[in-house]
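Novice: Line by line, the protein sequences are chains A and B.
Under our numbering, the residue at position 269 of the first sequence is numbered 269, and the numbers go up by one with no gaps.
Under our numbering, the residue at position 116 of the second sequence is numbered 116, and the numbers go up by one with no gaps.
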Amino acid sequence: MRQVSTEAIRRAVIGCIERAEYFIDPEIAGAMRCAERSERSPIAKRVLSQLIENYEIAACEHIAICQDTGMCIVFAEIGQEVHITDGYFEDAVNDGVREAYKGLRKSIVSDPLFDRKNTQDNTPAVIHARIVPGDKLRLTVLCKGFGSENMSRIKMLTPSAGEQGVIDFAVETALLAGANPCPPIIMGICIGGDFEQAALYAKKMIAQSLRYEPEDERYRALQEEITLRINALGIGPAGFGGDTTLIKLNIAYLPTHIAGMPCAISVCCHASRHAECIL
Amino acid sequence: MDTKHIQLPLTEESIAGLRAGDNVLLSGTVYTGRDAAHKRIAKAIGDGAPLPFDLNGATVYYVGPAPAYKDQPVGAAGPTTSYRMDAYTPLLLAHGLKGMIGKGDRSDEVISAIKRNKAVYFAAVGGAAALLAKHIHSSRVICYEDLGTEAVHEFVLDEFPVIVAIDSNGEDIYKSGRSAFLESVGKDPR
Ligand code: SF4
Numbered sequence: 001m002r003q004v005s006t007e008a009i010r011r012a013v014i015g016c017i018e019r020a021e022y023f024i025d026p027e028i029a030g031a032m033r034c035a036e037r038s039e040r041s042p043i044a045k046r047v048l049s050q051l052i053e054n055y056e057i058a059a060c061e062h063i064a065i066c067q068d069t070g071m072c073i074v075f076a077e078i079g080q081e082v083h084i085t086d087g088y089f090e091d092a093v094n095d096g097v098r099e100a101y102k103g104l105r106k107s108i109v110s111d112p113l114f115d116r117k118n119t120q121d122n123t124p125a126v127i128h129a130r131i132v133p134g135d136k137l138r139l140t141v142l143c144k145g146f147g148s149e150n151m152s153r154i155k156m157l158t159p160s161a162g163e164q165g166v167i168d169f170a171v172e173t174a175l176l177a178g179a180n181p182c183p184p185i186i187m188g189i190c191i192g193g194d195f196e197q198a199a200l201y202a203k204k205m206i207a208q209s210l211r212y213e214p215e216d217e218r219y220r221a222l223q224e225e226i227t228l229r230i231n232a233l234g235i236g237p238a239g240f241g242g243d244t245t246l247i248k249l250n251i252a253y254l255p256t257h258i259a260g261m262p263c264a265i266s267v268c269c270h271a272s273r274h275a276e277c278i279l
Numbered sequence: 001m002d003t004k005h006i007q008l009p010l011t012e013e014s015i016a017g018l019r020a021g022d023n024v025l026l027s028g029t030v031y032t033g034r035d036a037a038h039k040r041i042a043k044a045i046g047d048g049a050p051l052p053f054d055l056n057g058a059t060v061y062y063v064g065p066a067p068a069y070k071d072q073p074v075g076a077a078g079p080t081t082s083y084r085m086d087a088y089t090p091l092l093l094a095h096g097l098k099g100m101i102g103k104g105d106r107s108d109e110v111i112s113a114i115k116r117n118k119a120v121y122f123a124a125v126g127g128a129a130a131l132l133a134k135h136i137h138s139s140r141v142i143c144y145e146d147l148g149t150e151a152v153h154e155f156v157l158d159e160f161p162v163i164v165a166i167d168s169n170g171e172d173i174y175k176s177g178r179s180a181f182l183e184s185v186g187k188d189p190r
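(1) Report the neighbours of Asp108 (chain B) on chain A: residues whose CB is nearer than 8 Å to its CB, in chain order.
(2) Whole angstroms are fine: how far does the CA of Cys143 (chain A) sit from the CA of Lys106 (chain A)?
(3) Is there a C-beta anywhere in chain B that falls below 9 Å from the one on Gly241 (chain A)?
(4) Using a Cβ-Cβ cut-off of 7 Å (strictly less than) and excluding sequence neighbours within five positions of Tyr219 (chain A), which residues of its own chain qualify?
(5) Helix, strand or coil for Cys16 (chain A), going by three-state DSSP, please let me know.
(6) Which of the three DSSP states, helix, strand or coil, is assigned to Glu154 (chain B)?
(7) Would you report the Cα separation of Leu309 (chain A) and Gly193 (chain A), rounded to the nearest angstrom?
(8) Using the rule of at least 16 other Cβ atoms within 10 Å of the residue's Cβ for burial, across every protein chain shown, is Gln67 (chain A) buried or exposed?
(9) Give me the Cα-Cα distance between Ala59 (chain A) and Ala49 (chain B), rounded to the nearest whole angstrom.
(10) Please classify Glu56 (chain A): does DSSP put it in a helix, a strand, or coil?
(11) In angstroms with no decimal places, state the Cα-to-Cα distance between Asp105 (chain B) and Ser209 (chain A).
(12) According to DSSP, is Gln3 (chain A) helix, strand or coil?
(13) Output needed for Ile154 (chain A): all residues of its chain with C-beta closer than 6 Å, excluding positions within five of it in sequence on either side, in chain order.
(14) Looking at Ala180 (chain B) and ligand 1, is the gap between the Cβ and the nearest heavy atom below 8 Å?
(15) So which residues of chain B does Val47 (chain A) contact, with C-beta pairs closer than 7 Å?
(16) Figure out for me which residue from A:Thr227, A:Ser160, A:Arg98 and A:Met261 has the closest Cα to the Cα of Glu18 (chain A).
(17) Compute the Euclidean distance between the alpha carbons of Tyr62 (chain B) and Ala77 (chain B), then round it to the nearest angstrom.
(18) Please report whether the beta-carbon of Leu113 (chain A) lies at a distance below 9 Å from any beta-carbon of chain B.
(19) Is Ala271 (chain A) near ligand 1, going by C-beta to nearest heavy atom under 8 Å?
(20) Would you identify the three-state DSSP class for His38 (chain B), choosing helix, strand or coil?
(21) How would you list, in chain order, the residues of chain B whose beta-carbon sits under 7 Å from the beta-carbon of Thr69 (chain A)?
(22) Can a CB atom of chain B be found closer than 9 Å to the CB of Cys16 (chain A)?
(23) By DSSP, does Phe122 (chain B) sit in helix, in strand, or in coil?
(24) Please specify which runs of the beta strand (DSSP E), each continuous and at least 3 residues long, are wholly inside the stretch 188-248 of chain A, giving them in chain order.
(25) Cα separation between Ser139 (chain B) and Ala68 (chain B)?
(26) CA-CA distance, Ser49 (chain A) and Asp47 (chain B)?
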């Protein structure tokens, strides 16, 4: 057994949040620069250059990339040889969130429907823990804005919907979202699994590298096809019209039931704030 | 593309001169308000209770700012998605509101209310929150302090970059921008 203290977990969570909120993932910054160069719409070019400048100001002046500093989604892969000491895992994560958000916007309400009272410390985080082989503990933290989260969708497609069903659902989702999720967007799709697993893996896919490619070449082709179709919509940066609507689409696929083909789509803005830490 | 400088509060003339798609730099006072503040303002109007600020000629910015760091006037402060305020907007416009700053498209009811009341809806770039914060000179909470980030703040803007999204004639860039771009590159807008 390898021991990992709750204090180490708490500090790791703080570190991930601070990195994510002020320093954009270099892959995204790079993709945005490429998009700015190739954009054909002058207004879109202008928006992209504002967004690139925004990343620089955020990093240099310690101003969060976006005011919606998000809800914390924590994916934990806990090696089964790990023994967590000095307290509870989830408490440690929430303590980290509480500390990190002292200087960030608090966007969580405790009751969703009636009271909608702010918890004042951005807790609780949404925690998804999995037991995996090994003696390491890997944390992936997403600070997820809700302008884009509100545009996410799931559809219980039937097997007969086929490839076309997935393509149509994805293109329709981007079109309905329009300017709301702050395009250019990053999209995660999961086909298969069941209702909640599809949603979970779709969400995981937005924290994946922009270089991610599915192993199966048919899914690679599907990824490419949907990307082309969404970018052909012309929604453009900020929804003012342009070439760049989707920065990257990542598709996951999972075993499913003979009667079903769930399809979940997680939508994230260009300000995709995520960071990872291995303990 | 040239840029127009507009001094707030908006006037009938300044609004009449704005067209959807215009680049504008706004300077002057705006009030922040998002979901929770709108709900309270709408209730106050209904009850005939005092309002947090004079709606007449005012401009509202849909934002919940992040806390300021050290001696900065405000933290990250970009627009939030506007459609969530659509249910309250026609009422506010009927009571004198002239300008709104947000992001994303609006309902048909809001567009007709903008036309009817000769108002204007500006879009700021969503996610450009650090850059936009640099154009906010000062910030103070004036009402509903218990709402935290959703409290009504008074911001003084200094050449704050926006684009006219819906003008007083009801022209809407979220409708025309996409099709204009597709036409410009020789594609048929569906
Ligand atoms: S969708 Fe993303 S970029 Fe836009 S306001 Fe929300 S968090 Fe910020």
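All C-beta atoms, glycine included, are put in the ideal place defined by N, C-alpha and C.
Specialist: This is what the structure holds:
(1) Taking the second sequence and counting its residues from 1, one reaches residue 108 (chain B) at position 108. The contacting residues do not exist; Asp108 (chain B) stays about 15 Å from chain A at best.
(2) As a working mapping, residue 106 (chain A) is identified with position 106 in the first sequence. As a working mapping, residue 143 (chain A) is identified with position 143 in the first sequence. Taking the straight line from one Cα to the other gives about 12 Å.
(3) The residue given as residue 241 (chain A) occupies position 241 in the first sequence. Interface residue, yes.
(4) Here residue 219 (chain A) is taken as the residue at index 219 of the first sequence, counted from 1. So the qualifying residues of the chain are Ile251 and Tyr253.
(5) Residue mapping note: residue 16 (chain A) aligns to position 16 of the first sequence, counting from 1. Three-state DSSP puts Cys16 (chain A) in a helix.
(6) Walking along the second sequence from the start, residue 154 (chain B) turns up at place 154. Reduced to three states, the DSSP call for Glu154 (chain B) is strand.
(7) With chain A running from 1 to 279 in the structure shown, residue 309 (chain A) is simply not present.
(8) Within the first sequence, residue 67 (chain A) is the residue found at index 67, counting from 1. Looking at its Cβ environment, which holds 16 or more other Cβ atoms inside 10 Å, Gln67 (chain A) is buried.
(9) Position 59 of the first sequence, counting from 1, holds the residue named residue 59 (chain A). Position 49 of the second sequence, counting from 1, holds the residue named residue 49 (chain B). So the two alpha carbons sit approximately 44 Å from each other.
(10) Residue 56 (chain A) sits at position 56 when you count from the first residue of the first sequence. Three-state DSSP puts Glu56 (chain A) in a helix.
(11) Here residue 105 (chain B) refers to the residue found at position 105 of the second sequence. Here residue 209 (chain A) refers to the residue found at position 209 of the first sequence. About 31 Å.
(12) Counted from its first residue, the first sequence places residue 3 (chain A) at position 3. Three-state DSSP puts Gln3 (chain A) in a strand.
(13) One-based indexing of the first sequence puts residue 154 (chain A) at position 154. Closer than 6 Å at the Cβ level, and outside the excluded window around Ile154 (chain A), lie Ala199 and Ala264.
(14) Here residue 180 (chain B) refers to the residue found at position 180 of the second sequence. Checking the Cβ of Ala180 (chain B) against ligand 1 gives no.
(15) Position 47 of the first sequence, counting from 1, holds the residue named residue 47 (chain A). Ordered by position in chain B, the residues that pass the 7 Å Cβ test against Val47 (chain A) are Val125.
(16) Counting from one through the first sequence, the residue named residue 18 (chain A) turns up at place 18. When only C-alpha atoms are compared, the closest one is A:Arg98.
(17) The sequence position of residue 62 (chain B) within the second sequence is 62, counting from 1. The sequence position of residue 77 (chain B) within the second sequence is 77, counting from 1. Approximately 10 Å between the Cα atoms of the pair.
(18) What you label residue 113 (chain A) is simply residue 113 of the first sequence in a count that begins at 1. Closer than 9 Å: no.
(19) Locating residue 271 (chain A) in the first sequence gives position 271, where the first residue counts as 1. Flag set: Cβ of Ala271 (chain A) near ligand 1.
(20) By 1-based counting over the second sequence, the position of residue 38 (chain B) is 38. Helix.
(21) Here the question's residue 69 (chain A) lines up with position 69 in the first sequence. Neighbours of Thr69 (chain A) on chain B, chain order: Ala66.
(22) By one-based count along the first sequence, residue 16 (chain A) stands at place 16. By this cut-off, Cys16 (chain A) is not an interface position.
(23) The residue you call residue 122 (chain B) lines up with position 122 of the second sequence. In this structure, Phe122 (chain B) counts as strand in the three-state DSSP scheme.
(24) none
(25) Counted from its first residue, the second sequence places residue 139 (chain B) at position 139. Counted from its first residue, the second sequence places residue 68 (chain B) at position 68. So the alpha carbons of these two residues sit roughly 10 Å apart.
(26) The residue labelled residue 49 (chain A) in the question sits at position 49 within the first sequence. The residue labelled residue 47 (chain B) in the question sits at position 47 within the second sequence. Rounded to the nearest angstrom, the two C-alpha atoms are 46 Å apart.
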